[in-house]
Ligand SMILES: Cc1cc2nc3c(=O)[nH]c(=O)nc-3n(C[C@H](O)[C@H](O)[C@H](O)COP(=O)(O)OP(=O)(O)OC[C@H]3O[C@@H](n4cnc5c(N)ncnc54)[C@H](O)[C@@H]3O)c2cc1C
């Protein structure tokens, strides 16, 4: 008999899980796994969606993934897609510091000559190998200040936390948010020591990232990330991706589960052997409310601050700065009202009509959620005001799109790992129930896909 798996949520986590289940089982055979994705909205993709308007190709949420994770590449390849690598120009990245853009150095030699840190700040980094390793988890701010010094934390690490998590480094758990970095400290006693050893190993074997960072090249697809979602939906088919199916609760049957679907006055249900919650934690909490109240409460308060993405198109000649780069991030201490700006049309080709550029400004995040939810006109004037003051960009945009994420990116504060441990124990008490998605073990698309791959292997092995 085939095994039916109901997957709640058709974001990248749910879609890739369905695909890995299909790819790894034996369709048509007796023990085949039959996934069905139940998606609340009219379209799949969750935080991944590409718009196409007036010759521009703005991304609604995520804008790329690093091409060094095999399961993402396997997923894309299985769907017949070839990743599009970012341009060489996008290796140039800036930090907005002391009123101007400072180039982020790409090598230790360039770092010594760069203006991102004062001579004292650079000296403090040179002392990093002498700082004792700490085994326990701590906040990103504590970790970075302890190992690298306050200036490096404020100028370099803080904007990175904004750029990836839209988070507050004074609350983020370093181990949950950047497990590789904490692992390097634990295993090698320090970041510089670890990077040198790993660099040597990588050179010898030709494998693995050289630095403490994740490595890889930022990638997308010619039609934007939305192409991945469309291809996944097509490959799975309408029978396996049910849109406008908002799950409201689950109920245990003698064998398997009944999944209750609501919406627009009509309710229905689906029965399945296994249920996977791949929706945001606050939604999973609602689904679980009457099923396991303790588990529901455990994940209810995972915080998702608001972020708005403001996409702006301009004629090239109106841009008064060098937009042939990746873009810039803004340290919190600069006191600006935006988190950063990506130069979309320089990162990937054909994101703007000939002779135009597409910029993408992020506002909001854990330290300024209210800003992201300003009314459209106010948000646009705030963003334009900032670009004017910061970069001298005074022209009105020819193209504008505002993409709101009222609950944008889940935050992993100190204590997140203990929450996960408890969650795993509670979930294990319900045979056939699983929870995945970006609220738990990584927010990057790559992490979501990796976790779905692992879960698919787990389901296939126990089925
Ligand atoms: C502005 C922004 C920029 C980002 N940039 C990047 C980036 O450049 N690179 C990167 O790797 N990551 C980026 N991320 C993060 C990444 O996009 C997400 O972590 C990832 O896409 C989450 O996928 P998911 O499937 O786990 O969750 P989601 O995308 O949130 O999908 C969950 C799905 O569940 C559905 N759902 C909710 N409730 C129910 C219910 N009751 N019943 C049925 N369905 C339900 C939702 O409609 C949604 O489709 C960014 C995120 C944001 C917000």
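In our numbering, the protein residues as written are 203 to 665. Even glycine gets a Cβ: it sits at the ideal position worked out from N, Cα and C.
- Comparing C-alpha distances from residue 485 to each of 205, 203, 210 and 288 shows the shortest one belongs to 210.
- With a cutoff of 7 Å on beta-carbon distance, residue 297 and residue 595 are scored as not near each other.
- Secondary structure at residue 443: strand, using DSSP grouped into helix, strand and coil.
- Residue 631 carries a coil assignment under DSSP once its states are collapsed to helix, strand and coil.
- With respect to the 7 Å criterion, residue 453 and residue 460 are classified as neighbours on the basis of their beta carbons.
- Cα atoms of residue 507 and residue 390: separation of roughly 34 Å, rounded to the nearest angstrom.
- Apart from sequence neighbours up to five positions away, the residues of its chain that approach residue 448 with a beta-carbon distance below 7 Å are 242, 463, 464 and 465, ordered along the chain.
- According to DSSP, residue pairing for residue 603 in a beta bridge involves 513.
- With respect to the C-alpha of residue 599, the residue from 513, 436, 353 and 233 having the closest C-alpha is 513.
- At least one heavy atom of ligand 1 falls within 6 Å of the beta-carbon of residue 266.
- In the DSSP assignment, residue 302 falls outside any alpha helix (DSSP H) and within the unbroken beta strand (DSSP E) covering 302-305.
- Taking 6 Å as the cut-off, one finds no heavy atom of ligand 1 near enough to the beta carbon of residue 563.
- Burial is judged here by how many other beta carbons sit within 10 angstroms of a residue's own beta carbon; residue 205 has at least 16 and is buried.
- Non-local beta-carbon contacts of residue 529 in its own chain, meaning distances under 6 Å to residues more than five positions away in sequence, involve 543, 544 and 545 in chain order.
- For secondary structure counted as the alpha helix (DSSP H) over 4 or more consecutive residues, the stretch 212-285 holds these complete runs in sequence order: 214-226 and 272-280.
- Around the CB of residue 380, 16 or more other CB atoms lie within 10 Å, so the residue is classed as buried.
- If only uninterrupted beta strand (DSSP E) runs of at least 3 residues are considered, those enclosed by the stretch 463-504 are 470-474 and 476-479.
- In the three-state DSSP reduction, residue 577 falls in the coil class, being neither helix nor strand.
- With 16 or more neighbouring CB atoms inside 10 Å of its own CB, residue 568 falls in the buried class.
- Placement of the Cβ of residue 485 at a distance of less than 6 Å from at least one heavy atom of ligand 1 is found.
- Taking residue 444 as the centre and dropping the five residues before and after it, the same chain places the C-beta of 240 closer than 6 Å to its C-beta, in chain order.
- By the neighbour-count criterion, in which a residue is buried when 16 or more other Cβ atoms sit within 10 angstroms of its Cβ, residue 203 is exposed.
- The DSSP assignment places 635-637 as complete runs of the beta strand (DSSP E) inside the stretch 616-665, in order along the chain (cut-off: 3 residues).
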